[in-house]
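Inspection log for the structure reproduced underneath, given as structure tokens.
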Amino acid sequence: MSPQQDVQDWIRKTIANNDVVLFMKGSKQMPQCGFSAQVAHILGLLGVDYHDVNVLQDMGVREGVKAFSNWPTIPQLYVKGEFVGGCDIVREMAEGGELQQLLDSKGVAYDKSKKIA
Amino acid sequence: MAMDSGEIERLIRAKFPDAQIEIRDLAGDGDHYAAHVVSSAFKGKTRVQQHQMVYEALGGRMGGALHALALTTAEA
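Line by line, the protein sequences are chains A and B.
With my numbering applied, the first sequence corresponds to residues 655 to 771, in that order.
With my numbering applied, the second sequence corresponds to residues 2 to 77, in that order.
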């Protein structure tokens, strides 16, 4: 099996084994890019329990997840194995309450008292 | 590695001839843009699919030559 195939399998397993996965630059505690920080901030505000993958630690994953999602940039958010989007989409969805609806429909717990303005 | 806003518009226009396209240079540095694209081609597509279509129009420049393009899309 090629290394690329291994990475694709690893990504597939990661999003299958974790309800919410954020592929990001840096960690949720210490984001290293403004766009990643914005999504981590939104998930943090909503009190969503999520798994962070720091793509800066692995060039194979950094490029691999772009191919996996057919999406050219990082961050990338997955909920229950489904690609939700990058920073622009997540922010737009959170502001419109759509992200919260998505979490509800997928049965993912979050803090319903929080509003994203 | 910066890109001219006219070039961004031209690439998007080539794929979406009917589109209403607004591009703003956010930082005045030719490197951080916001684009709003409204097109009938987005009808019936999810937001992810709409953005993927715009990224395709940009032909691999997104994330490369074009570092930061805050994108919003809507159906015409």
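Positions of the beta carbon are idealized from the N, C-alpha and C atoms, including for glycine.
Please read all numbers here as calculations on a predicted model, not as lab measurements.
Distance cutoff 8 Å, beta carbons only. Does A:G735 sit that close to anything in chain B?
no
Indicate whether A:V674 and A:V702 have their beta-carbon atoms separated by less than 8 Å.
yes
Leaving out the 5 sequence neighbours to the left and right, which residues in its chain are closer than 8 Å to B:A28 when beta-carbon positions are compared?
none
Answer yes or no: does any C-beta atom of chain A fall closer than 8 Å to that of B:A20?
no
Hey, how far is the Cα of B:G45 from the Cα of A:Q686?
35 Å
Three-way DSSP call (helix, strand, coil) for B:R62 in this model:
When secondary structure is reduced to three states using DSSP, B:R62 falls in the coil class, being assigned neither helix nor strand.
Is there a Cβ of chain B sitting closer than 8 Å to that of A:P729, yes or no?
no
When Cβ atoms are compared, which residues of the region 41-68 of chain B fall closer than 7 Å to chain A?
Cβ proximity to chain A below 7 Å picks out R48, V49, H52, Q53, Y56, M63, G64 from the region 41-68 of chain B.
For B:A75, which residues of its own chain have a beta-carbon under 6 Å away from its beta-carbon, when the five flanking residues on both sides are left out?
V39
In three-state DSSP terms, what is B:S40?
strand
What are the partner residues of A:N671, as DSSP defines its beta bridges?
None, per the DSSP bridge assignment.
Chain A beta carbons: is any one of them nearer than 8 Å to that of B:L27?
no
First and last residue of the uninterrupted beta strand (DSSP E) at B:I22
21-26
Just to confirm, is the Cβ distance from A:Q699 to A:K768 under 8 Å?
Correcting the residue identity first, residue 699 of chain A is Leu in this sequence and not Gln. The answer is yes: Cβ separation under 8 Å.
Could you tell me the distance, in whole angstroms, from the CA atom of A:I696 to the CA atom of B:D19?
Just so you know, the alpha carbons of A:I696 and B:D19 end up roughly 34 Å apart.
Extent of the continuous alpha helix (DSSP H) to which B:A71 belongs
First-last for B:A71: 69-76, but that is the beta strand (DSSP E), not the alpha helix (DSSP H).
Name, please, each residue of chain A whose Cβ falls closer than 8 Å to the Cβ of B:L72.
Scanning chain A for C-beta atoms nearer than 8 Å to the C-beta of B:L72 yields D742, reported in chain order.
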